[in-house]
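Reviewing the structure listed below.
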Amino acid sequence: MADTSRDIILRRIREALQKPAEQPARPDFSAALHPRPVSEEDLAIDFAKNFVRVGGLFYYCESEEHFYDQLFAYKKEKELERLFVWEPELKKLLHDGNIVFQGDETEFLAHADAGLTSCEALVARTGSILVSGASSSGRRLSIYPDQHLVLARTSQVVPDIGDALKLVQQKYGPDRIPSMISLTTGPSRTADIEKTLVLGAHGPRSIVLFLLDDAPAATT
Numbered sequence: 001m002a003d004t005s006r007d008i009i010l011r012r013i014r015e016a017l018q019k020p021a022e023q024p025a026r027p028d029f030s031a032a033l034h035p036r037p038v039s040e041e042d043l044a045i046d047f048a049k050n051f052v053r054v055g056g057l058f059y060y061c062e063s064e065e066h067f068y069d070q071l072f073a074y075k076k077e078k079e080l081e082r083l084f085v086w087e088p089e090l091k092k093l094l095h096d097g098n099i100v101f102q103g104d105e106t107e108f109l110a111h112a113d114a115g116l117t118s119c120e121a122l123v124a125r126t127g128s129i130l131v132s133g134a135s136s137s138g139r140r141l142s143i144y145p146d147q148h149l150v151l152a153r154t155s156q157v158v159p160d161i162g163d164a165l166k167l168v169q170q171k172y173g174p175d176r177i178p179s180m181i182s183l184t185t186g187p188s189r190t191a192d193i194e195k196t197l198v199l200g201a202h203g204p205r206s207i208v209l210f211l212l213d214d215a216p217a218a219t220t
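If you're matching positions, the sequence shown starts at 1 in my numbering and goes up one per residue.
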């Protein structure tokens with residue numbers, strides 16, 4: 001008696017179940033995520049381009065004096081009455097440059113115009129800033145004020161996110177990773193309501209980076 005169509009289907013099902021299912025190829029986690037590597041020589045340039053592309057405001061500072069001039073001009077242009085700065089190193093730097101700032105939390109919630117913080121790293125690939133809660137700025141100063149100002153050095157620019165996380169691990173050790181690590185890519189934004197873009201929905205409406213060149217001077 002010839003097999004019916006039903007018998008053929010059932011036999012094929014039984015045969016298939018007796019064979020182990022084909023498994024997808026094992027991913028190579030050591031392979032580069034992006035096919036095009038970022039040039040080590042152009043890290044700062046790549047970062048600046050991508051940072052501006054995602055809506056950041058970028059200032060290149062040749063020296064600390066240049067940083068003072070640009071920060072003073074920015075404060076005047078934006079009419080910032082209160083610039084909150086909580087990190088001792090930044091306080092000393094601004095004090096040396098005669099830049100007025102708010103060094104404590106007095107009226108922070110009511111008048112958080114802007115906050116100046118440091119960062120852990122800058123990611124050239126995406127134009128992102130990596131901050132953590134381990135500094136004296138804590139979790140709030142990079143999120144609550146209307147404007148987030150960041151002072152970073154060219155030595156902090158790395159190619160990709162993985163490189164930035166390695167810097168954090170090297171700095172704090174594998175057992176003392178900060179409890180908060182945030183990757184900021186451009187100003188806070190959302191278009192959830194009627195596809196209308198709104199800035200500052202979940203954080204600062206603007207992010208400003210002052211990149212201080214700390215590369216050793218070339219010798220001739």
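From the three backbone atoms N, C-alpha and C, an ideal C-beta is built for every residue, glycine too.
Under 8 Å between C-beta atoms of residue i and residue j
| i | j | result |
| --- | --- | --- |
| Glu120 | Leu167 | yes |
| Leu94 | Val85 | yes |
| Asn50 | Gly162 | no |
| Leu212 | Glu65 | no |
| Gly56 | Ile207 | yes |
| Tyr74 | Ile99 | no |
| Leu80 | Asp113 | yes |
| Asp214 | Ser155 | yes |
| Arg205 | Pro187 | yes |
Cβ shell of residue i (< 6 Å), same chain only, five flanking positions each side left out
| i | result |
| --- | --- |
| Ala164 | Ala121, Val123, Leu130 and Val158 |
| Ser137 | Trp86, Glu87 and Thr117 |
| Ser182 | Val131 |
| Leu43 | Ala124 and Val157 |
| Tyr59 | Gln70 and Phe210 |
| Asp7 | none |
Collapsed DSSP secondary structure at residue i in the structure displayed
| i | result |
| --- | --- |
| Ala73 | helix |
| Ile144 | In the sequence as displayed, the identity of residue 144 is Tyr instead of Ile. Tyr144 falls in the coil class under three-state DSSP. |
| Thr126 | coil |
| Phe108 | coil |
| Ala191 | Note that Ala191 scores 49 on pLDDT, short of 50, meaning its location in the model is unreliable; the coordinates nonetheless yield the value given after this. If DSSP states are grouped into helix, strand and coil, Ala191 belongs with coil. |
| Val85 | strand |
| Val208 | strand |
| Ala121 | strand |
| Ile13 | helix |
| Ser63 | coil |
7 Å Cβ shell around residue i - same chain, five flanking residues per side excluded
| i | result |
| --- | --- |
| Gly133 | Arg139, Pro178, Ser179 and Met180 |
Beta-carbon contacts of residue i that lie in its chain and below 8 Å, excluding the five residues immediately before and after
| i | result |
| --- | --- |
| Arg53 | Gly127 |
| Glu89 | Ser118 |
Proximity test, Cβ basis, 8 Å: residue i and chain C
| i | result |
| --- | --- |
| Leu90 | Given the protein chain composition of this structure (a single chain), no chain C is represented. |
Exercise. Per the contact definition of three or more C-beta pairs closer than 8 Å, is the stretch 168-178 in contact with the stretch 140-155?
Worked result: For the pair of segments examined, the stretch 140-155 was found not to touch the stretch 168-178: the number of CB pairs separated by less than 8 Å stays below three.
Exercise. Counting pairs of beta carbons, one from the stretch 114-128 and one from the stretch 143-162, are three or more of them closer than 8 Å?
Worked result: A contact exists between the stretch 114-128 and the stretch 143-162.
Exercise. Which residue spans inside the stretch 148-184 form an unbroken alpha helix (DSSP H) run of at least 4?
Worked result: Counting whole runs of 4 or more residues, the stretch 148-184 contains the alpha helix (DSSP H) stretches 161-172.
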